Each structure stands twice: as C-alpha cells, then as structure tokens.
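The structure under discussion appears below in the form of structure tokens.
Chains as they are written, first to last, in our numbering: chain P, 1 to 93; chain D, 94 to 498.
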C-alpha cells in the first residue's frame, strides 16, 4: 500500500517511483573482478566504481592506496595490485 | 577486522521488498533525474530507490547510503522530510531507540562532564531555525575536470525547520575553560572496518556558541528520519552539512585542534580562492582551510535543462540561498548576460533558509537562454567561471539554462 501511495504521489509531480532492494552492481567481467568484489564490497557498495569511472590510471592507483592507507582496508599487496589493474583496465580512461 | 555489524543501511527497505514481492527496475527513469554534466558512469547504474519513510530518491550508493533529491522536490522553501537527501561516509549506522539515547558532553576544554538524554534535551529552552543543509560536495559531479568522490548533481541539499536545544546551553552544563578552542562532535554511525577513521568533526568555539547552532530533535515538526540523524543531530546554520553530525553521541570541548582524517586532509578548500568570511583559524594551514559557510547560490527548479515550453510568457522559478547573510536579489538574464532584471522574491523564512524566486520570460520560438545570479545581503554574487578545487566544493557557477519553444 505504501508503495502504491508513493507511486501515485511521485506520478503527480513527475518523479518516477521505485522500490529499494539492495543495490546490485554487475561489474564488468575481467581478471581481478573477484578481488574487487571480495575486498571493496565489505565497506561500500560497488556503485562507487562506475560512479568514478572517469579516473585515469594514476587516479585509480591513488584511490586504491587511499582505501588502504587512509581508510585501513585490510588488503594485501598482491590483491591491491590486482584490484588497481582491474579498475584501470575496465573503468579507467 | 570487518565486523559488518550493520551491513545495510537500507535493510528495512530490502525486507519490505521481499514482503511485497515487487521489483522495479528504473534505471532509465533515474537517468532523466540526473543533473546534466555529472559523470557518464553515474547513469550506467543509478536508479530511483525508496528508503523507508522516503519518496523515491536518486540512489548513488546504498552502502553507505547516499541518495540525492530530484530537482522536482526542490520547488518549495521547506523540503519535506520524505524528500530530503541522505548522505553518509560510513556504512555502520545503528538504529537508536529514543529511550536509550545519550550524548556524552565533556572534553579537556570542559570543567566537567555531563550525560544528556533526549528528554533532557527537550526540557531545555527550545529554539527553531529554518536552515539549508547542503552537502559540501553538492554539485561535485559538475566539476571540470571531474574529481573523485560521490558524484552529486544539484540535489545534495534541502531546507528544514529544525527545533532543538542550543549547543551553547548544552556546553553551559559542563562549563568551558578559557583554553577551549574547538568543539568536537561524534555521531553513532561508524566504520565497517575498525581501522577506518570514525567520522568526527569540530567547529570553532565561536560558532558553537552562536545562538542559532543547535542540537535538533525535530525536523519540520516531526522526529528526524533515521537517515537524517534520529534521535538528534547538530545543526550548524550557514555551514555545510559536514558539521551537522547526525545521531550525535559525543560533544567535547577541546584545547587542541581536532585531528583525524575527516578534519585534514578531508573537507579542505585552498586558501584564498573563495570569498569566505567565516574563518576556522585553529585548523588553517599555509595552503588550505576547512570548508565553512555555504557560498551564495541559486537554482532553477521549475524547468530542467532543455525543457520544452510554449512560445510566449513563461514563468521560471527556483531557489536562492547562502551562508546566512540572506538573499538580497536574484537577477535573471535572457540575453546571455548583457542585461539583467530582478526576479520576484518569495517568502522570507530567515537568512539561513531557501528563498524562492520567480521571473516571467517571453519565450521565442527555438532556444531561449535563462541565466540566474543571486546576490546576498553583503553583496556577494555567484561566479561566472568554475573555481576548481580538488574536492569539487563550492560550485556556484551562474546557471545558463536552455528552454526550447
């Protein structure tokens, strides 16, 4: 019922209705995607990746470093490299 | 150590979905809600999503929850609670019961300590202030070049009537030492990983003692929505949302500058680039300073970029706001900035509030340019060109909207 009311209200002012489920982001298939899902997703949804897909190689390297150094993400060096390589290849400019 | 204690800020919504058995895929419709100019990647995944107690908002991320208010909800001086944007840095967001809520007040700059319950807050003299809560990163997505972060369009802002107790009255319960320089504030929300810095902010003592700075337990006459800070949040009128600590649980008088990631390097603007009056001297470095008050700004909310209109008289309207001086004029140009005419201002709800405005243009066949520039009561105006900064803050570039008749 609440959904129905929300839909009507939204329709009146022209904003589309939707109901929330957990946000599902399907990453591009590629080497390292599993490392990204395993290491990034515990703290934040994967939406941050396509959202920031204008980053270049240096930008993604800096971001992975920031997650580890500034935010304390427990990611070992091998995984960090796999993650950075994946992001640069699939979401970099 | 990953605790994942509160994996989902939106768990309630997920549960409701399962019960209802309904599912909407609204990627296309969310695309139409985005602000032109935000990174293309946002449109690749963003959907409209409905949090418990909210209308559909633009879901930029669900963990931590970052939900933007669509332009169509920003046509009134007061933004209703169910249309108000949601912004968090950290994904561990406990639901606090009102009866269990306490604020610990103390710090090395205080003479004593106190614990304040929600009932205690409500027994203190109540103050109401209408104030814009604007995320520091509002319009970050419009930065050129793009800068990393949550890629907000126009809608990481809202204006509400906040009711609460003065922060000054709360601090009077413990007494400030003369050495106190800042007031530190922490909320109940925290990181998923223990090593991630907790979101702790401070404000200068002078701003904390401002009679308009309150700890609010009501928003537009209602308890605060959970994701807007229930049971109580700090309201720092005029200053950007970073300082408006939600679910505030600690307030500390400090004799040394507050440290931590969220004070430095986060939330910094380069020194000397913006016409800022409010200084946060104890936090300044040789090169940068914390973001403080909101810069004067305006937004057309009656029409989106490229909207079709009928040739002839068309009323264009929107909002103007600033960091607490109040709006003096909103000027509109339909000839590319050569000549400007003053719009009609709407109801004045105080210097910290959204001010509505409207202006009638005569639309000709084809493309029509509408530029808008707000001026506040100390004569500050919007900027013609983007003042680039690495975090994408303070974007108050004069809008140039195209309407097509």
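Virtual Cβ for every residue (Gly too), placed ideally from N, Cα, C.
Bear in mind that the values here come from a model prediction, so they are computed numbers and not experimental data.
| Query | Result |
| --- | --- |
| Kindly indicate which residue of D:413, D:456, D:136, D:426 has the alpha-carbon position closest to the one of residue 440 (chain D). | D:413 |
| Taking beta-carbon pairs under 7 Å, can you tell me which members of the segment 52-71 of chain P lie near chain D? | 52, 53, 54, 55, 59, 63, 70, 71 |
| Grouping DSSP H, G and I as helix and E and B as strand, with all else coil, what is residue 228 (chain D)? | coil |
| Any beta carbon of chain D sitting closer than 7 Å to that of residue 83 (chain P)? | no |
| In chain D, which residues lie less than 7 Å from residue 73 (chain P) when you measure between Cβ atoms? | 286 |
| Could you say if the segment 413-429 of chain D and the segment 266-285 of chain D meet the contact criterion of at least three C-beta pairs nearer than 8 Å? | no |
| From residue 30 (chain P) to residue 138 (chain D), what distance separates their C-alpha atoms? | 18 Å |
| Is the segment 138-149 of chain D in contact with the segment 159-173 of chain D, if contact means three or more CB pairs nearer than 8 Å? | yes |
| With the cut-off set at 7 Å, would you say residue 487 (chain D) and residue 373 (chain D) are in Cβ contact? | no |
| Give the straight-line distance between the Cα atoms of residue 32 (chain P) and residue 177 (chain D), rounded to the nearest whole angstrom. | 37 Å |
| For residue 304 (chain D), which option in D:269, D:495, D:261 has the closest C-alpha, if you only look at C-alpha atoms? | D:261 |
| Looking at chain P, is there any beta carbon in it that lies within less than 7 Å of the beta carbon of residue 254 (chain D)? | no |
| Mind listing which residues of the segment 30-53 of chain P have their C-beta closer than 9 Å to chain D's C-betas, in chain order? | 41, 42, 43, 44, 45, 46, 47, 48, 49, 50, 51, 52, 53 |
| Is it right to say residue 265 (chain D) is buried, meaning 16 or more other beta carbons lie within 10 angstroms of its own, or is it exposed? | exposed |
| From the DSSP output, in three-state form, read off residue 118 (chain D) for me. | Reliability fails at residue 118 (chain D), whose pLDDT of 46 lies under 50, so the model's placement of it is uncertain and the value that follows must be treated cautiously. If DSSP states are grouped into helix, strand and coil, residue 118 (chain D) belongs with coil. |
| Under a CB-based cut-off of 7 Å, is residue 158 (chain D) close to chain P? | no |
| Less than 7 Å between C-beta atoms, sequence neighbours within five positions excluded: which residues of the same chain meet that for residue 117 (chain D)? | Residue placement at residue 117 (chain D) is poorly supported in this model, since its pLDDT is 40, which falls under 50; the coordinates still yield a value, given next. Result list for residue 117 (chain D): empty, nothing under 7 Å. |
| Report yes or no: is there a C-beta of chain P within less than 7 Å of the C-beta of residue 134 (chain D)? | yes |
| Sort out for me which residues DSSP pairs residue 294 (chain D) with in a bridge. | D:278 |
| Rounded to whole angstroms, what is the Cα-Cα separation between residue 362 (chain D) and residue 227 (chain D)? | 16 Å |
| When the distance is taken between beta carbons, is residue 341 (chain D) closer than 7 Å to residue 185 (chain D)? | no |
| Does residue 289 (chain D) have its Cβ less than 7 Å from a Cβ in chain P? | yes |
| Alpha carbon to alpha carbon, how far is residue 494 (chain D) from residue 199 (chain D)? Give it in angstroms, no decimals. | 50 Å |
| Taking the straight line between their C-alpha atoms, what separation do you get for residue 192 (chain D) and residue 444 (chain D)? | 34 Å |
| Are the CB atoms of residue 307 (chain D) and residue 252 (chain D) nearer to each other than 7 Å? | no |
| Flag residue 507 (chain D) as yes if its beta-carbon sits less than 7 Å from any beta-carbon of chain P, otherwise no. | Because chain D in this structure spans residues 94 to 498, residue 507 (chain D) falls outside the shown range and cannot be described. |
| Using 7 Å as the limit for Cβ to Cβ distance, is residue 435 (chain D) near chain P? | no |
| Just mark residue 74 (chain P) as buried or exposed, buried being the case when its beta carbon has 16 or more other beta carbons within 10 Å. | exposed |
| Quick check: what's the CA-CA separation for residue 230 (chain D) versus residue 249 (chain D)? | 8 Å |
| Look at the Cβ atom of residue 49 (chain P), then the Cβ atom of residue 91 (chain P), and state whether they are nearer than 7 Å. | yes |
| Answer with buried or exposed for residue 370 (chain D), where buried requires no fewer than 16 other C-beta atoms within 10 angstroms of its C-beta. | exposed |
| Measuring straight from C-alpha to C-alpha, what distance separates residue 483 (chain D) and residue 338 (chain D)? | 23 Å |
| Please classify residue 351 (chain D) as buried or exposed, where buried requires at least 16 other C-beta atoms within 10 Å of its C-beta. | buried |
| When we look at the beta-carbon of residue 364 (chain D) and count the other beta-carbons within 10 Å, is it buried (16 or more) or exposed? | exposed |
| At a CB distance below 9 Å, what residues from the segment 183-207 of chain D approach chain P? Give them in sequence order. | 183, 184 |
| For the alpha helix (DSSP H) containing residue 50 (chain P), name the first residue and the last one. | 48-51 |
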